[in-house]
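Engineer: The working numbering puts the last residue of the sequence shown at 955; the count rises by one with no breaks. Got a structure for you, written out below as structure tokens; questions coming shortly.
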Amino acid sequence: PVAALSNSELMAQDAAQAQQAANDREAVVSSLAAHIRRRWEDAKRAKQQIEPKMLEALRQRVGEYPPEKLAEIRKMGGSEVFVRLTDTKCAAASAWIRDVLSLDRPWGLDPTTTPDLSPEQSALIEQQAQQQALEKVQQQLMVGMMMAPPDPMQMQQMMADAAEAAKSEAKAAIAKEARDRIERMSDAIQDYLDESKFKTVFAESLDWDLVTFGTAIIKAPVIRNRRRLEWQQQAGRWEPVETEDSYPDVERVSPLDLYPSDDATGIQDASYLLERYTLSRSDLAACKGVPNYNNTEIDAVLTEHGTGGLREWTSADSERARLAERSDDRQYGERIDALIFWGEVQGKLLKEWGIQSVQPLSEYAIEAWLIGAHVIRVDIKEPHELDRPYCKAVYRPRPGSFWGIGIPELMADIQQQANATARALANNMALASGPQVGIDAEQMPPGEDGSRVWPWKVWRFNTGKYGQTSTPPIAFFQPEMHANELMGIYQQWVRIADDVTGIPAYVYGNQETAGAGKTASGLSMLMGAATKAIKSVIANIDDGLIEPMVRQLFRYAMLYHPDESIKGDVRVVAKGASALLVREQAQVRRNEFLQITNNPTDVEIMGLARRADLLRSTAETLSLDPDQIAPTRAQFEQQQAAQQQAMAQQAAMSPQTLPPTTTGSDGAPVSGQDSQLFPGGT
Numbered sequence: 274p275v276a277a278l279s280n281s282e283l284m285a286q287d288a289a290q291a292q293q294a295a296n297d298r299e300a301v302v303s304s305l306a307a308h309i310r311r312r313w314e315d316a317k318r319a320k321q322q323i324e325p326k327m328l329e330a331l332r333q334r335v336g337e338y339p340p341e342k343l344a345e346i347r348k349m350g351g352s353e354v355f356v357r358l359t360d361t362k363c364a365a366a367s368a369w370i371r372d373v374l375s376l377d378r379p380w381g382l383d384p385t386t387t388p389d390l391s392p393e394q395s396a397l398i399e400q401q402a403q404q405q406a407l408e409k410v411q412q413q414l415m416v417g418m419m420m421a422p423p424d425p426m427q428m429q430q431m432m433a434d435a436a437e438a439a440k441s442e443a444k445a446a447i448a449k450e451a452r453d454r455i456e457r458m459s460d461a462i463q464d465y466l467d468e469s470k471f472k473t474v475f476a477e478s479l480d481w482d483l484v485t486f487g488t489a490i491i492k493a494p495v496i497r498n499r500r501r502l503e504w505q506q507q508a509g510r511w512e513p514v515e516t517e518d519s520y521p522d523v524e525r526v527s528p529l530d531l532y533p534s535d536d537a538t539g540i541q542d543a544s545y546l547l548e549r550y551t552l553s554r555s556d557l558a559a560c561k562g563v564p565n566y567n568n569t570e571i572d573a574v575l576t577e578h579g580t581g582g583l584r585e586w587t588s589a590d591s592e593r594a595r596l597a598e599r600s601d602d603r604q605y606g607e608r609i610d611a612l613i614f615w616g617e618v619q620g621k622l623l624k625e626w627g628i629q630s631v632q633p634l635s636e637y638a639i640e641a642w643l644i645g646a647h648v649i650r651v652d653i654k655e656p657h658e659l660d661r662p663y664c665k666a667v668y669r670p671r672p673g674s675f676w677g678i679g680i681p682e683l684m685a686d687i688q689q690q691a692n693a694t695a696r697a698l699a700n701n702m703a704l705a706s707g708p709q710v711g712i713d714a715e716q717m718p719p720g721e722d723g724s725r726v727w728p729w730k731v732w733r734f735n736t737g738k739y740g741q742t743s744t745p746p747i748a749f750f751q752p753e754m755h756a757n758e759l760m761g762i763y764q765q766w767v768r769i770a771d772d773v774t775g776i777p778a779y780v781y782g783n784q785e786t787a788g789a790g791k792t793a794s795g796l797s798m799l800m801g802a803a804t805k806a807i808k809s810v811i812a813n814i815d816d817g818l819i820e821p822m823v824r825q826l827f828r829y830a831m832l833y834h835p836d837e838s839i840k841g842d843v844r845v846v847a848k849g850a851s852a853l854l855v856r857e858q859a860q861v862r863r864n865e866f867l868q869i870t871n872n873p874t875d876v877e878i879m880g881l882a883r884r885a886d887l888l889r890s891t892a893e894t895l896s897l898d899p900d901q902i903a904p905t906r907a908q909f910e911q912q913q914a915a916q917q918q919a920m921a922q923q924a925a926m927s928p929q930t931l932p933p934t935t936t937g938s939d940g941a942p943v944s945g946q947d948s949q950l951f952p953g954g955t
């Protein structure tokens, strides 16, 4: 018989089981959480040499001395002026890069050498081409039979020519279909970028991360859910309907929040990667019920956050917050820090966490979110998801390192020398702004110390007390002014900064340009030469940021976009950046070509239709609507056909008005002559 238990005993038993389950769960979570936590500590140690350089670059950009340097300056006294030469160079560099990349889409999609369509699409295009070729052969046969029966050999040759023409037309049609799909896919990707506010994210990454820290990082795609209000017509009335869908977002990741493994030189070759990501309570609560998230762990995090902060503290946080002129609430604030881990883990850890479909000794690439001691999300990546959704570009590579070199680090010594010169100049101007006074304190009467000087002051001395002395009781002398020499030294350091950074002063509108820069053509030549220094940076942005990001969005569109007509065999290229550097030169050459060919002979050779195409392409480079400038080739041909038809109808209606046709000795019509003027002619 089973012993009966009282209510209190049953409640105690349930509580014990619940506590045991909680203990078991804590042990399970800690096995995976401890693995991620160890990687986090390793990644922080690997970044110990880089974070101080990033903070120094940030201080240099905002115009602040390091604490130890400021203490030395104050110990000596004098000016604490900081010349923000670094900020000027950084702002000029980011504006220059943004100006280059804003001319057009800095990316594109190109068809592969042999574009592939689906078997059904290819078969349909080939069938249409064969049908058209067969119709042409039939027309030729009908015309030939009217004159003479076709020869069998001729018939065979006609069929062979038709088959070859069908292949060529099918190949051209497949290529055209591929280009049309590329245009539609490009529009879809551009729509993704517009909805994700890519321009703002990209500008922030360039303005601060790339030029300041030397490294810019963008995360894409970040899948987000959104709720929108749409209007639908129901029963003759427009009714609001709330819809929910997902879209790929683009995020800026601060270099201070990304922690790669020690062996990493790029995003994909890192053994593991961690991002410190900040959430709010509402953001975390919204993850409940979403696939790959654990509701129990989310509840545990929300409970713990109610009793204290859940932040991941690093040594750079306090200084980072101070330089941003905000309070540092990371330790006890309302926000929650999650560590997003990208790397491989053993299946045993995943099996213990709750994923039973894995092999214990196999390695799996995962994305896991750790908050405190709780892993709230684990997502095993499929083969097409193995690429980590981060893109990285550097201003100037640091050999063998994940991180790049920014402008502040490039000109750190120059900034120090410019500051030293500016402080010396300020101190010298202060000392030399008026006379210095020397006083013999022994000869001063009681109550007079001579510490204050004003106009028409009467000085009193006790010279009689000391008798005759050769030492004057008071002396005035003027310190020497060295402002011109110091300003010359400062200007030299500024010019050296132009050479070191590759950002000359005339790029951002400085009119003090010597030599060739004083003329328009000379300044244009200097600007052309200066672009060579920025080309490498643009190439880094192409290869590291733009091309990988567009490739990720293209993969997302191929997987999840509902319109099948945009999908095709393409390759992603960042063709905008480097080409845009020479775009202005190409525009000048295009304008010259338009002027040179604007004569009757060249227009007759190329034809009006091709001239219209040239005008349309020129209008597109000027960001003008080509449809408002010139008609398309099809529209132009339609206009010509309509004009010819109108002329033919007019000629048919009034044949008596046409001049008589004059023929030559060979029976061909002779134009340009009037037989009435030459009575002897034929």
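Ideal Cβ placement from N, Cα and C applies to all residues, glycine included.
(1) How would you label T488, buried or exposed, when you count the other beta carbons within 10 angstroms and need 16 or more for buried?
(2) For the pair the stretch 587-598 and the stretch 618-632, tell me if three or more CB-CB distances fall below 8 Å.
(3) Could you give the DSSP three-state label for K492: helix, strand or coil?
(4) Does the distance from the CB of I491 to the CB of S478 come in under 8 Å?
(5) In or out: T359 buried (at least 16 other Cβ within 10 Å) or exposed?
(6) Are the stretch 669-678 and the stretch 344-352 in contact at 8 Å, needing three or more beta carbon pairs?
(7) Does the separation of the CB atoms of L466 and V373 fall below 8 Å?
(8) When the Cα atoms are used, what is the spatial distance from K791 to A919?
(9) Return the bridge partner residues of R549 from the DSSP annotation.
(10) Should the stretch 305-320 be called in touch with the stretch 608-617, which here means at least 3 C-beta pairs below 8 Å?
(11) Going by alpha carbons, who is nearest to H657 out of R650, A646, A638, R334?
(12) Rounded to whole angstroms, what's the CA-CA distance from M760 to E329? Just pull it up for me.
(13) Rounded to whole angstroms, what's the CA-CA distance from A770 to L343? Just pull it up for me.
(14) For C664, name the three-state secondary structure that DSSP assigns.
(15) Helix, strand or coil: which one does DSSP assign to Q629?
(16) Compare the C-alpha of W346 against each of R549, Q688, Y663, A697 and name the closest.
(17) Have a look at V865 and Q913 and give me their C-alpha separation to the nearest angstrom.
(18) Do the stretch 559-568 and the stretch 638-650 touch if we need at least three Cβ pairs shorter than 8 Å?
(19) Mind listing, in chain order, the continuous alpha helix (DSSP H) runs of no fewer than 4 residues lying wholly within the stretch 304-379?
(20) Closest by CA to K840, which one among M926, S459, K444, A319?
(21) Under the rule that 16 or more other beta-carbon atoms within 10 Å means buried, what is Q751, buried or exposed?
(22) Quick check: the Cα distance between R549 and K805, rounded to an integer number of angstroms?
(23) Residue range of the beta strand (DSSP E) that A847 falls in?
(24) According to DSSP, is Y516 helix, strand or coil?
(25) Which residues bound the alpha helix (DSSP H) around I963?
(26) Please say whether S367 and D518 have beta carbons closer to each other than 8 Å?
(27) Alpha carbon to alpha carbon, what distance is there between G679 and V484?
(28) Whole angstroms are fine: how far does the CA of D875 sit from the CA of V846?
(29) Cα-Cα, which of I323, A924, Q688 is closest to Q764?
(30) Taking the C-alpha atoms as reference points, what is the distance between L531 and R525?
(31) Go ahead and pull the three-state DSSP assignment for P521.
(32) Can you give the Cα-Cα distance for M378 and S635, rounded to whole angstroms?
(33) Which of the three DSSP states, helix, strand or coil, is assigned to I447?
(34) CA-CA distance, D572 and V354?
(35) With distances taken between CB atoms, is the gap from F675 to A812 smaller than 8 Å?
(36) Indicate whether P494 and V843 have their beta-carbon atoms separated by less than 8 Å.
Structural biologist: On the basis of the supplied data:
(1) buried
(2) no
(3) strand
(4) yes
(5) buried
(6) no
(7) no
(8) Note that K791 has pLDDT 47, beneath the 50 cutoff, so the model's placement of it is unreliable and the number below is only indicative. Distance between the alpha carbons of K791 and A919 is about 60 Å.
(9) L612
(10) yes
(11) A638
(12) 26 Å
(13) 23 Å
(14) strand
(15) coil
(16) Checking the sequence shown, residue 346 turns out to be Ile, not Trp. Nearest option by C-alpha distance: A697.
(17) Note that residue 865 is Glu in the sequence shown, not Val. Distance between the alpha carbons of E865 and Q913 is about 28 Å.
(18) yes
(19) 324-335, 340-349, 358-374
(20) S459
(21) exposed
(22) 37 Å
(23) No beta strand (DSSP E) holds A847; DSSP gives it neither H nor E.
(24) Contrary to the premise, residue 516 reads as Thr rather than Tyr in this sequence. Strand at T516.
(25) Any property of residue 963 remains undetermined from this structure, which presents the chain solely from 274 to 955.
(26) no
(27) 5 Å
(28) 36 Å
(29) Q688
(30) 11 Å
(31) strand
(32) This sequence places Arg at residue 378; Met is not what is there. Spanning the two alpha carbons is a distance of roughly 43 Å.
(33) helix
(34) 52 Å
(35) no
(36) no
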